[in-house]
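Residue numbers (my numbering): 65 to 195.
Encoded structure:
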């Protein structure tokens with residue numbers, strides 16, 4: 065069965081976005097562009113994985129829209145951080161695949177809403193004011 069989720073991966077290091085860390089001028093905020101903007105489940109799994117320090121050179125990393133930002137020294141990226149990020153990304157990808165696979169195999173999972181629900185949403189849409 066096809067999953068509704070496509071793996072997210074790092075597609076580039078965005079050197080022009082790199083800036084000095086405001087909390088530690090010796091470090092930099094290094095941006096890695098992702099292949100797509102992560103969904104909430106992916107974000108929470110990635111963030112949970114990043115909370116676990118795996119070695120003495122562990123650095124803080126977070127999501128910023130379609131980027132992972134890591135506060136580090138640039139020469140640490142190749143030695144430590146890229147592999148750590150790949151592991152965290154793989155874990156988040158697995159969690160999303162598992163979630164969508166379990167949803168697809170669940171008998172209570174519906175892929176479409178009923179015509180009545182769609183009519184109700186159209187009616188609601190006509191009444192809503194977003195100003």
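From the three backbone atoms N, C-alpha and C, an ideal C-beta is built for every residue, glycine too.
For residue 147, count neighbouring C-beta atoms within 10 Å of its own C-beta (all shown protein chains included) and say buried if the count is 16 or more, exposed if not.
Mapped onto the chain shown, residue 147 falls at position 83. It is exposed - the Cβ of residue 147 has fewer than 16 other Cβ atoms within 10 Å.
Are three or more beta carbon pairs between the segment 87-96 and the segment 104-121 nearer than 8 Å?
Touching, no, given that fewer than three Cβ pairs across the two stretches are closer than 8 Å.
Assign residue 120 to buried or exposed, taking buried as 16 or more other Cβ atoms, counted over all protein chains shown, within 10 Å of its Cβ.
Counted from its first residue, the chain shown places residue 120 at position 56. Residue 120 is exposed by the Cβ-count criterion.
Does the distance from the C-beta atom of residue 103 to that of residue 157 stay below 8 Å?
In the chain shown, the residue the question calls residue 103 occupies position 39. In the chain shown, the residue the question calls residue 157 occupies position 93. Not in contact: residue 103 and residue 157 (Cβ atoms no closer than 8 Å).
Is it true that the CB of residue 194 sits closer than 8 Å to the CB of residue 149?
Here residue 149 refers to the residue found at position 85 when the chain shown is read from its first residue. Here residue 194 refers to the residue found at position 130 when the chain shown is read from its first residue. Taking 8 Å as the Cβ cut-off, residue 149 and residue 194 do not qualify as a contacting pair.
Could you give the first and the last residue of the continuous beta strand (DSSP E) run that contains residue 113?
Here residue 113 refers to the residue found at position 49 when the chain shown is read from its first residue. Unbroken run through residue 113 is the alpha helix (DSSP H), 104-114; no beta strand (DSSP E).
Could you check the C-alpha separation between residue 128 and residue 180 for me, to the nearest Å?
Translated into positions along the chain shown, residue 128 becomes position 64. Translated into positions along the chain shown, residue 180 becomes position 116. C-alpha separation (whole angstroms): 38 Å.
Taking just the CA atoms, how far does residue 145 sit from residue 76?
What you label residue 76 is simply residue 12 of the chain shown in a count that begins at 1. What you label residue 145 is simply residue 81 of the chain shown in a count that begins at 1. Cα-Cα distance, rounded: 14 Å.
Is residue 69 near the ligand FAD, with its Cβ less than 7 Å from a heavy atom?
For the structure depicted, the ligand FAD is absent and the ligand set is empty, with no information on it obtainable.
Mind checking residue 125: buried by the 16 CB within 10 Å criterion, or exposed?
Along the chain shown, read from residue 1 onward, the residue named residue 125 stands at position 61. Under this definition residue 125 is a buried residue.
What's the gap between the Cα of residue 78 and the Cα of residue 138?
For this step, residue 78 is matched to residue 14 along the chain shown. For this step, residue 138 is matched to residue 74 along the chain shown. In a straight line, the C-alpha of residue 78 is about 12 Å away from that of residue 138.
DSSP three-state call for residue 141: helix, strand or coil?
The count along the chain shown starts at 1 and reaches residue 141 at position 77. Helix.
Identify which residue in 136, 100, 192 and 154 has its Cα closest to the Cα of residue 87.
The sequence position of residue 87 within the chain shown is 23, counting from 1. Closest option to residue 87, Cα to Cα, is 136.
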